[in-house]
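In the numbering used here, the protein residues as written are 26 to 155. C-beta atoms are modelled at their ideal positions from N, C-alpha and C, and glycine is treated no differently. Computed from a predicted structure; not experimentally measured.
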Amino acid sequence: MADHNERRRAQRVDANLNLEVKLPQADGSISTASLETINISTSGVYFRSDHFIEPMTKLGMELEVTVPAADGGAPGSALVPCEGLVVRSNPEAAVAGCTDYEIAVFFTHIEADGMANLERHIALLLSDLD
Numbered sequence: 026m027a028d029h030n031e032r033r034r035a036q037r038v039d040a041n042l043n044l045e046v047k048l049p050q051a052d053g054s055i056s057t058a059s060l061e062t063i064n065i066s067t068s069g070v071y072f073r074s075d076h077f078i079e080p081m082t083k084l085g086m087e088l089e090v091t092v093p094a095a096d097g098g099a100p101g102s103a104l105v106p107c108e109g110l111v112v113r114s115n116p117e118a119a120v121a122g123c124t125d126y127e128i129a130v131f132f133t134h135i136e137a138d139g140m141a142n143l144e145r146h147i148a149l150l151l152s153d154l155d
């Protein structure tokens, strides 16, 4: 069996970031949840949720990332609006009484400036590991 990490094209880094997720409800409405990421890459995000989110669910999201200042000054923060598709949930199905799901989302859309900020944030995290 192939190593799961071999399929990844983008480097994944641990990151506890604020994440706003727009969750579709059964009645067709949208609710917003304030969550926290476990890790990120330029291709997706992995986060914890207190509710099960069905795989293949389309989500609107907004990440808050720290980015280095262009002039070398103190880092600032930037919002990265994005859209994605749930590709995995752990546990794999809704469990009565469960309030701790881990959700993997593949990004389907990020504007160019948002992607640039995400890349800068990941580079900042990786530089801290050196």
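Supposed close pair residue i, residue j - CB separation, criterion 8 Å
| i | j | result |
| --- | --- | --- |
| residue 149 | residue 100 | 7 Å |
| residue 128 | residue 74 | 5 Å |
| residue 140 | residue 67 | 7 Å |
| residue 135 | residue 38 | With 8 Å as the limit, residue 135 and residue 38 do not qualify as a contact, their Cβ atoms being about 16 Å apart. |
Buried versus exposed, by CB contacts within 10 Å (16 or more), residue i
| i | result |
| --- | --- |
| residue 104 | exposed |
| residue 88 | buried |
| residue 115 | exposed |
| residue 151 | exposed |
| residue 107 | buried |
| residue 130 | buried |
| residue 70 | buried |
Straight-line gap, residue i to residue j (C-alpha atoms, nearest Å)
| i | j | result |
| --- | --- | --- |
| residue 126 | residue 77 | 6 Å |
| residue 91 | residue 109 | 21 Å |
| residue 34 | residue 133 | 15 Å |
| residue 64 | residue 44 | 11 Å |
| residue 60 | residue 97 | 30 Å |
| residue 111 | residue 124 | 18 Å |
| residue 54 | residue 48 | 8 Å |
Contact test: residue i Cβ vs the ligand SAM heavy atom, cutoff 7 Å
| i | result |
| --- | --- |
| residue 121 | In the structure shown, the ligand SAM is absent, as is every other ligand, since no ligand is present at all. |
Three-state secondary structure (DSSP) of residue i
| i | result |
| --- | --- |
| residue 77 | coil |
| residue 69 | strand |
| residue 114 | strand |
| residue 60 | strand |
Handout entry: Contiguous alpha helix (DSSP H) assignments of at least 4 residues, all confined to the segment 117-155
Key = 137-154
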